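First comes the structure, then the notes that go with it.
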Amino acid sequence: MSDKKNAILTAVEALTENYHKEELFMPADGRYLLNRAAVIDVVRELRSVIFPGYFGVDSGVRIFPEYYVGTRLNSLYDRLKEQIEIALFYNSKGEEQKEISERAERICAGFFEKLPEVQEMLLKDVQAGFDGDPAAKGKEEIIVCYPGLFAIYVYRLAHLLYVEKVPHIPRIMTEYAHGRTGIDINPGASIGEYFFIDHGTGVVIGETTEIGNNVKLYQGVTLGALSTRQGQQLANVKRHPTIGDNVTIYSNSTVLGGQTVIGENTIIGGNTFITESIPANTKVSAKSPELVIKKPRNQLAATNVWDWEN
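This is the structure:
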């Protein structure tokens, strides 16, 4: 068996050889990958601007709101622009550094100009959560506690950058939310206002999904593609369903296909599997499986209480 020194030297030689052979490890032309942690920090800190007072206490919010918001946004702007510029340069094809920098500036400025619109959309999402959940004790609880709202918040930020074709950053944002909540919303999806995800765990919303206004999803819902067998040939092709206004989709239901349209005012029951369009004003349900209930036994040993017997 090799000793420690020989093992490390052997690994170093092989790994560094791989570094030089594979451009994924050592990009050419001075390019380097962006800082994932910096992107996530922007997402986290923007919450205290969108929802002041909920994620950190700062007396400046009440005394000097303009100073508070301006100072926070100034710092966040510079940090986000830096990451956007890195991402654009990494994926650039013959563009000059000055051109990339100007494009990053334009994208970042547009992102921050749209933040008030995002805030207004999120307030409608909060209202949807409160109106749709009798267990909610107040809208404050929705903001602070609900994973569905957090996933929607991150998505709405990421979508702004996705439509500007910023590489990597939108997906970093939504995968951060995915890891925290179990809700996977691709930043390319188009989602209307007054949107609510109840419970949320296991929800998947694909890249080309279109969702109208006043839509409610429960846990385990998948809005996906019929097949991805053709891989990259399907890029930029409508692969995921369209969900009309005022639709509710209950838990563990799956809706697949780019040509699949769920009409407005439709209710999709739980545990359904849908690959074709559903007309408006429809209720869809799956037949319940047959339950077999045996007569109770008089006595049951505690050690056998979890055993399943035919």
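Each residue of the sequence shown is one higher than the one before, counting from -4 in my numbering. Ideal Cβ placement from N, Cα and C applies to all residues, glycine included. Small disclaimer: the values here were computed from a predicted structure and weren't measured.
8 Å CB neighbourhood of residue i in its chain, flanking five on each side removed
| i | result |
| --- | --- |
| Gly215 | Thr196, Gly197, Val198, Ser246, Asn247, Ser248 |
| Ser96 | Glu80 |
| Tyr85 | Pro22, Arg26, Tyr27, Leu28, Leu29, Pro162, His163 |
| Val113 | Ile45, Arg151, Leu152, Leu155 |
| Lys109 | Leu155 |
| Thr11 | none |
Sequence-distant residues of its chain with Cβ nearer than 6 Å to residue i (five each side left out)
| i | result |
| --- | --- |
| Glu285 | none |
| Lys278 | Ile262 |
| Ile244 | Leu212, Val216, Ile263 |
| Leu251 | Gly219, Leu221, Thr270 |
Inter-residue Cα distance where the pair is residue i and residue j
| i | j | result |
| --- | --- | --- |
| Ala332 | Glu40 | Because the chain in this structure spans residues -4 to 305, residue 332 falls outside the shown range and cannot be described. |
| Ile262 | Lys211 | 10 Å |
| Glu202 | Thr255 | 14 Å |
| Ala172 | Asp24 | 33 Å |
| Gly253 | Thr237 | 7 Å |
| Met116 | Ala230 | 29 Å |
| Ala33 | Lys76 | 11 Å |
| Gln330 | Arg101 | No information on residue 330 is available, as it lies outside the stretch -4 to 305 that the chain covers here. |
| Ala184 | Arg234 | 11 Å |
| Gly143 | Glu90 | 39 Å |
| Arg175 | Arg98 | 31 Å |
| Glu205 | Thr267 | 19 Å |
| Ile35 | Asp(-2) | 41 Å |
| Asn276 | Lys282 | 20 Å |
| Gly207 | Asp120 | 13 Å |
| Arg42 | Pro111 | 12 Å |
| Lys289 | Leu118 | 50 Å |
| Ile273 | Pro129 | 28 Å |
| Phe59 | Ala9 | 58 Å |
| Tyr141 | Pro291 | 40 Å |
| Val64 | Phe50 | 14 Å |
| Gln92 | His194 | 45 Å |
| Leu68 | Lys16 | 41 Å |
| Ile200 | Ser280 | 21 Å |
Whole-number beta carbon distance between residue j and residue i, since they are thought to touch under 8 Å
| i | j | result |
| --- | --- | --- |
| Tyr213 | Pro182 | Between Pro182 and Tyr213 the Cβ distance is about 22 Å, and since that is not below 8 Å, they are no contact. |
| Tyr72 | Phe107 | 6 Å |
| Thr169 | Ile180 | 6 Å |
| Arg74 | Val38 | Not a contact, Cβ separation roughly 11 Å. |
Counted within 10 angstroms of its Cβ, other Cβ atoms place residue i as buried (16 or more) or exposed
| i | result |
| --- | --- |
| Phe145 | buried |
| Ile0 | A quick correction: the sequence has Lys, not Ile, at residue 0. When all chains shown are included, Lys0 counts as exposed. |
| Phe191 | buried |
| Phe217 | Residue 217 is actually Thr in this sequence, not Phe. Result: buried. |
| Ile178 | buried |
| Tyr310 | Any property of residue 310 remains undetermined from this structure, which presents the chain solely from -4 to 305. |
| Glu232 | Here the sequence assigns Val to residue 232, which means Glu is not the residue at that position. It counts as exposed. |
| Tyr148 | buried |
| Val287 | exposed |
| Ile257 | buried |
| Cys103 | buried |
| Gly239 | buried |
Proximal residues to residue i (C-beta, below 7 Å), its chain only, five neighbours per side dropped
| i | result |
| --- | --- |
| Pro47 | Val56 |
| Ser87 | Ile95 |
| Glu18 | none |
| Tyr14 | Phe20, Met21 |
| Asn241 | Asn209, Glu259, Asn260 |
| Gly265 | Tyr245, Ser246, Asn247, Ser248 |
| Arg166 | Pro182 |
| Ala131 | Gly124, Phe125, Ile137 |
For the structure I just gave you, are there three or more beta carbon pairs, one from the stretch 80 to 99 and one from the stretch 21 to 33, closer than 8 Å?
As far as the Cβ criterion goes, the stretch 80 to 99 touches the stretch 21 to 33, which means the pair count is three or higher.
For the stretch -1 to 9 against the stretch 132 to 149, do three or more pairs of beta-carbon atoms, one drawn from each stretch, fall closer than 8 Å, so that the two count as touching?
Cβ pair count under 8 Å is below three, so no.
Would you check if the stretch 153 to 163 and the stretch 117 to 135 touch, i.e. whether three or more CB-CB distances between them fall below 8 Å?
Verdict: no, contact absent.
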